[in-house]
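For the sequence shown, my numbering begins at 11 and goes up steadily by one.
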Amino acid sequence: KVAIKNLGESASSFDVFIDHTTNPGSLTHHLSGEAMIGNINYWLEPGKIIEQELTVKRGPSQYLYPANYLWIVAEWDGRGEEGESTALWNYQDANGDLWIKFEEPCPRVEW
11 KVAIKNLGES
21 ASSFDVFIDH
31 TTNPGSLTHH
41 LSGEAMIGNI
51 NYWLEPGKII
61 EQELTVKRGP
71 SQYLYPANYL
81 WIVAEWDGRG
91 EEGESTALWN
101 YQDANGDLWI
111 KFEEPCPRVE
121 W
């Protein structure tokens with residue numbers, strides 16, 4: 011889940027997006043069913059929170075991908091913006107590198 015809360019004193023616009031430069035393996039990302047090809051924009055009143063379901067699907071052939079980065083950027087009154095990113099990962103190797111790892115299917119058994 012991704013939760014966005016407006017901690018400001020006025021309504022604000024928030025853009026949520028994947029840094030696709032961190033996605034060389036053709037993962038697909040969806041936020042509550044909407045493909046994250048570009049920015050997804052939300053408008054939130056002060057104190058309001060929105061929660062969205064983030065899903066990540068693997069590409070056609072790989073099972074291990076470098077961590078991807080999710081950004082949330084807020085803009086207020088057209089005067090400025092502030093952003094935060096977080097790594098999307100579920101596996102850390104012995105070197106401390108972060109990865110998105112999918113389970114490989116069991117080999118097919120034929121009788």
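Virtual Cβ for every residue (Gly too), placed ideally from N, Cα, C.
Beta-bridge pairing of residue i - partner residues as DSSP gives them
{"i": "Thr38", "result": "Lys67"}
{"i": "Pro76", "result": "Trp109"}
{"i": "Trp81", "result": "Phe27 and Ser95"}
Burial state of residue i, where buried means 16 or more other Cβ atoms lie within 10 Å
{"i": "Leu37", "result": "buried"}
{"i": "Ala104", "result": "exposed"}
{"i": "Ser20", "result": "exposed"}
{"i": "Ser22", "result": "buried"}
{"i": "Ile59", "result": "exposed"}
{"i": "Lys26", "result": "It is Val, not Lys, that sits at residue 26 in the sequence shown. Buried is the call here."}
{"i": "Leu98", "result": "buried"}
{"i": "Asn100", "result": "exposed"}
Spatial neighbours of residue i in its chain, beta-carbon cut-off 7 Å, leaving aside the 5 residues before and after
{"i": "Gly69", "result": "Gly35, Ser36 and Leu37"}
Contacting residues, own chain, Cβ-Cβ under 8 Å from residue i (five flanking each side not counted)
{"i": "Gly93", "result": "Trp81, Ile82, Val83 and Ala84"}
Same chain, Cβ closer than 6 Å to residue i, neighbours up to 5 away in sequence not counted
{"i": "His40", "result": "Thr65"}
Does the region 77-84 touch the region 16-33, meaning 3 or more C-beta pairs lie closer than 8 Å?
yes
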